[in-house]
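Data first, discussion second: the structure below is written as structure tokens.
Residue numbers (my numbering): 1462 to 1662.
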């Protein structure tokens, strides 16, 4: 059900959100049948791209990370994604009462996880680190995720379109703040000696 729903959201989001709303999955089931696979796409692709393919800046030499460094960073990123989805879902549930909704944590997790589907899929580009292409397609994926969120909130939260728009905007704000927080934590870790290690040519 989870993997089918994820791909169906790409071409029929309104219809699929209704199906997800009717067949809400438990937290454990959603993690085991969807998130455990989809959350692995960006870190696994980035591991391949950073160790075997490499990237260039301004037509200079190709940069690659050591296997150990890339593996460590990929594992940390995978765990961070899994935790971030749950934390954002907790924020969604906390904010819900302000907009007249009273969802379960499972419903909030369904909304958050499935809304991230385009971002998970665009992570495949990490295997091919071409900066301009990755940025362009990532912007499209962000737009698709925002669209899914705005269409999913009224379906899963059971509120009208006006409240759903405001609620969705609040979720986006929290997501952006969380992203900035994760970037700040990354900088702190790198400054503490856990920065990437490059291969010597």
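Glycine included, every Cβ here is placed at the ideal spot set by N, Cα and C. Remember, predicted model here, so these are calculated numbers, not experimental data.
The Cβ-Cβ distance between residue 1560 and residue 1611 does not fall below 8 Å. Taking C-beta atoms as the reference points, residue 1598 and residue 1633 fail to come closer than 8 Å. In this structure, residue 1588 sits near residue 1514, with a CB-CB distance shorter than 8 Å. In the assembly as shown, residue 1529 is an exposed residue. Its beta-carbon has fewer than 16 other beta-carbons within 10 Å.
Boundaries of the alpha helix (DSSP H) around residue 1528: 1528 to 1557. With 16 or more neighbouring CB atoms inside 10 Å of its own CB, residue 1579 falls in the buried class. For residue 1602, the uninterrupted alpha helix (DSSP H) segment begins and ends at 1592 to 1618. In this structure, residue 1553 keeps its C-beta atom at 8 Å or more from the C-beta atom of residue 1574. With fewer than 16 other CB atoms across the displayed protein chains lying within 10 angstroms of its CB, residue 1487 is exposed. Looking at the DSSP output, residue 1516 sits in a beta bridge with 1524.
Non-local beta-carbon contacts of residue 1613 in its own chain, meaning distances under 8 Å to residues more than five positions away in sequence, involve 1474, 1478, 1481, 1572, 1575 and 1576 in chain order. Around the beta carbon of residue 1540, fewer than 16 other beta carbons lie within 10 angstroms, which makes this residue exposed. Residue 1577 sits in coil when the DSSP states are folded into three classes, being neither helix nor strand.
Here the C-alpha atom of residue 1583 lies approximately 22 Å from the C-alpha atom of residue 1635. DSSP places residue 1483 inside the alpha helix (DSSP H), whose first and last residues are 1474 to 1483. Sequence-distant Cβ neighbours of residue 1657 in its own chain, meaning closer than 6 Å and more than five residues away, are 1526 and 1530. The alpha carbon of residue 1507 has as its nearest neighbour, out of 1494, 1534, 1491 and 1562, the alpha carbon of 1534. In this structure residue 1581 is not in contact with residue 1504, their Cβ atoms being roughly 11 Å apart against a cut-off of 8 Å.
Listed in chain order, the non-local C-beta contacts of residue 1492 below 8 Å within the same chain comprise 1543, local neighbours out to five positions each way being set aside.
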